[in-house]
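Heads up: the sequence shown begins at 1 in the UniProt record's numbering, then just goes up one per residue.
Glycine is no exception: its CB is placed at the ideal position from the N, C-alpha and C atoms.
Please read these numbers as outputs of a predicted model, since none were measured by experiment.
Quick notes on the structure that follows.
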Amino acid sequence: MTHTQLSAAASVELVRRHAVQGATLMTILHAIQDEAGYVPDEVVASLAQTLSLSRAEVHGVITYYHHFRSAPPARVTVQLCRAEACRSMGTEALKDHIEGHTGCRFDSGHAEDTELESVYCLGQCALSPSMMINGELHARVTPAKFDRLFAAAQTKVAEVTA
Ligand code: FES
Numbered sequence: 001m002t003h004t005q006l007s008a009a010a011s012v013e014l015v016r017r018h019a020v021q022g023a024t025l026m027t028i029l030h031a032i033q034d035e036a037g038y039v040p041d042e043v044v045a046s047l048a049q050t051l052s053l054s055r056a057e058v059h060g061v062i063t064y065y066h067h068f069r070s071a072p073p074a075r076v077t078v079q080l081c082r083a084e085a086c087r088s089m090g091t092e093a094l095k096d097h098i099e100g101h102t103g104c105r106f107d108s109g110h111a112e113d114t115e116l117e118s119v120y121c122l123g124q125c126a127l128s129p130s131m132m133i134n135g136e137l138h139a140r141v142t143p144a145k146f147d148r149l150f151a152a153a154q155t156k157v158a159e160v161t162a
C-alpha cells in the first residue's frame, strides 16, 4: 500500500476514530500508523488533548520508539534482517548488493521512492536470509531473487498509483 501526506482534518479524524475509550497512547499510535502508514505531526495536539497529556509527552513517545515514523513511508520499503542467523547466511553481502542495485543506503531515510531498513529477526531464522518488501515476508533471498522481488514491488506500486 502506498501512503501520501494527510491533511490536518484527516489527521484529526484519525485520532477521533482510534482514540476509543480505554485505548492507550501506544495502541492509538499503532492503529494510526497501521492505517495511515505513519503518525502525522498533526495528530500530536489532538492526541494530547484527548488523552490529557502534554504535546511534549506525545511527541516524546513517537520519537522514542523507532517503529513510529513521522513521514509517509517510501513507495517501496525493504526491511532486511541483519541478525545473527541471517548474517551467517550472507545477509551482509546481500545488503551490499541491495545498496548497489537500488542506489540507496540502509537506515538513512528514504531517497526517491525506496527506503532500506535494517531489522533484527523476522522469525524466519531457519529460512535466512529473510526480508520484507512492503510488508511481505520473503525467505532464502539471493541477490537474483531480490532483484526480481524488487522489480515486482516497483511494478505493483506503479500499477496501484497509475
Ligand atoms: S535472524 Fe533473520 S529471521 Fe531470525
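Any non-hydrogen atom of the ligand FES within 7 Å of residue i CB
i	result
S118	no
A93	no
L122	yes
A144	no
E136	no
C81	yes
S70	no
S46	no
S130	yes
E57	no
Short CB-CB distance (under 8 Å) between residue i and chain B
i	result
H101	Any reference to chain B falls outside this structure, which holds one protein chain only.
Closest by C-alpha distance to residue i, when choosing among the options
i	options	result
L127	L116, T142, D107, D113	T142
A8	P40, Y120, A71, C125	P40
V20	S70, L47, E57, D34	L47
A152	N134, P129, Y120	N134
A93	A144, S54, L122	A144
G90	C125, G37, S11	C125
E13	G22, T27, I32, A23	I32
H66	G100, S118, D96	S118
Cβ pair residue i, residue j closer than 8 Å
i	j	result
L25	L51	yes
R82	D113	no
V78	V58	no
L80	I62	no
C86	S130	yes
L29	F68	yes
S70	Y120	no
E42	S11	yes
As assigned by DSSP and simplified to three states, the class of residue i
i	result
A152	helix
E136	strand
M1	Residue placement at M1 is poorly supported in this model, since its pLDDT is 47, which falls under 50; the coordinates are not used for a value here.
F106	strand
A144	helix
R69	coil
M26	helix
Y38	coil
A126	helix
S11	helix
A19	coil
R75	coil
Residue(s) in a DSSP beta bridge with residue i
i	result
S118	L80
M131	L80, H138
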